[in-house]
Amino acid sequence: MFKVGETYEMSFIGDSELKNFYKVIRRTRSTITIISIKEKNPKQIRRKVSVYDGVEFVYPLGKFSMAPILDASRRVSKK
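Whatever position you read off the sequence shown (first residue = 1), add 787 for our numbering.
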């Protein structure tokens, strides 16, 4: 489950060594608002939360072929 204040890691299908990190800044029952912690001027991104196999996930960059997925099981830090 995504939690406010925690940071999650995302990797890409085409390059698994390329990592992006997102921090959850707001949470509702059906959406999360995240920011990238690597960008100089991060923008808030609001995405609908889906569940697969009991794990929440979102598509931070949009839903498209080979889109990277940010899932709640890849937490890297606590508050």
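All C-beta atoms, glycine included, are put in the ideal place defined by N, C-alpha and C.
9 Å or more divides the Cβ of Ala859 from the Cβ of Tyr809.
Annotation: the continuous beta strand (DSSP E) that includes Val842 extends over 842 to 845.
Per the DSSP secondary-structure output, Thr794 pairs in a beta bridge with Lys810, Ser864. Here DSSP, grouped into helix, strand and coil, assigns Ile821 to strand. If the five residues before and after Lys835 are omitted, its C-beta is found closer than 8 Å to the C-beta atoms of Ser817, Thr818, Val845, all from its own chain and listed in chain order. Under the three-state reduction of DSSP output, Ile832 falls in the strand class.
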